[in-house]
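Counted the way mature numbering (1 follows the signal peptide of the UniProt record, and there is no 0) counts, the sequence shown spans residues -18 to -1, 1 to 218.
Down below is the structure, laid out as structure tokens.
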Amino acid sequence: MELFITILTLTVVLSTDAEFEHEGYEFYVCSDTLEEDIIGYDGDEAWHADFILKRGVYTTPDFTGPVTFPGLYALAADNMIGCKVDLPGFSADAKSIPLVMETPQTSIYPKDFVKLGVQNTLICHMTGFYPPSVSISWTKNNVNVTEGMSLSRYRPRTDGTFNIFSTLKFTPTEGDIYSCTVNHMALQGQPQTKIWDVHVALPSVGPAVFCGVGLTLGLLGVAVGTFFLIKGKNCN
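Shown next, in the form of structure tokens:
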């Protein structure tokens, strides 16, 4: 898959001493199967274009207050038209340029604290890879699963590499084993697989045992002390 990637970066200096710098960017990428346009600020996404629903999606947190980008989706759509027009020429020129690739770093973890029988979400996080084209698959007990799976957009990092998340909804059952397998051209046909198994630790009986023994010894000591106190009074 040939990709055409454009990253526009604007650095804003908020003091004359350049103590505080904030970086805003617009990133868009296209191929014969992929279209993305993202606006971010200091490494966090603020907006992206949803080319399926044909609208912009604001992803800033609620506490930042309302943020608007009038006419931005129309601009993103124009970007994709221009990107597709330039793609054949870019692809031809790129064939003579050695492609520098970075392999993904992959991790897998649950979103919430694991409780048996309570639905949760497994997250497969891939970071530090280039170019932005990976495939992800999930298994449960060595059987491929697709139901409940989702995939985020490619998110650029400041070093020019990319992040992406894949999630899988699941209901934990003791002993189940899940895996996330990532394939990227930099891996040269040797996919990365991360495994996560459902293991919920039972409450430790150690503290309860020690508390019980301590309480028993304490009561025994009181009983013995009371016995000798009564004996002493009788002797008097």
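Here a beta-carbon is modelled for each residue, glycine too, at the ideal position from N, C-alpha and C.
Remember, it's a predicted structure, so these values are computed and weren't measured experimentally.
Alpha-carbon spacing of residue i relative to residue j, whole angstroms
| i | j | result |
| --- | --- | --- |
| L104 | G38 | 27 Å |
| H181 | L69 | 48 Å |
| N126 | I159 | 12 Å |
| T(-10) | D19 | Interpretation of T(-10) is limited by its pLDDT of 47, a score under 50 that renders its predicted location unreliable; no figure is taken from the coordinates. |
| N124 | I118 | 15 Å |
| W178 | L98 | 15 Å |
| H4 | E156 | 46 Å |
| C106 | Y40 | 24 Å |
| T42 | G25 | 12 Å |
| E17 | P86 | 21 Å |
| P80 | F51 | 38 Å |
| K176 | V49 | 38 Å |
| F33 | E27 | 17 Å |
| P92 | D141 | 27 Å |
| F144 | V96 | 29 Å |
| G47 | F111 | 33 Å |
| W120 | T128 | 7 Å |
| I63 | G22 | 21 Å |
| M83 | S161 | 25 Å |
| V116 | M167 | 8 Å |
| I90 | T109 | 12 Å |
| residue 226 | C65 | Absent from the model: residue 226. The displayed extent of the chain is -18 to 218, so no value can be given. |
| W29 | S13 | 21 Å |
| S73 | L35 | 28 Å |
| S78 | F9 | 24 Å |
| N102 | V67 | 43 Å |
| F192 | G6 | The pLDDT assigned to F192 is 43, lower than 50, so where the model puts this residue is not dependable; a value taken from the coordinates is nonetheless given after this. C-alpha separation (whole angstroms): 58 Å. |
| V100 | G53 | 43 Å |
| D75 | D94 | 47 Å |
Simplified DSSP assignment, three categories, for residue i
| i | result |
| --- | --- |
| I34 | coil |
| F72 | helix |
| G99 | coil |
| N124 | coil |
| G6 | strand |
| K77 | coil |
| M83 | coil |
| V39 | strand |
| residue 223 | Lying before the first or after the last residue shown, residue 223 is absent from the chain, which here runs from -18 to 218. |
| G47 | coil |
| D60 | helix |
| V164 | strand |
| K93 | coil |
| L150 | strand |
| L104 | strand |
| V116 | strand |
| V182 | coil |
Residue i beta carbon near the ligand GDP (any heavy atom closer than 7 Å)
| i | result |
| --- | --- |
| T42 | The ligand content of the structure shown is nil, which means the ligand GDP is not present either. |
Assumed close pair residue i, residue j - CB separation to whole angstroms, cut-off 8 Å
| i | j | result |
| --- | --- | --- |
| T88 | V164 | 5 Å |
| R139 | I146 | Not really, about 11 Å apart at Cβ, beyond 8 Å. |
At least 3 beta-carbon pairs within less than 8 Å: the region 145 to 155 vs the region 165 to 172: Result no; under three Cβ-Cβ pairs closer than 8 Å.
The region 119 to 138 contacting the region 47 to 66, beta-carbon criterion three pairs below 8 Å: Result no; under three Cβ-Cβ pairs closer than 8 Å.
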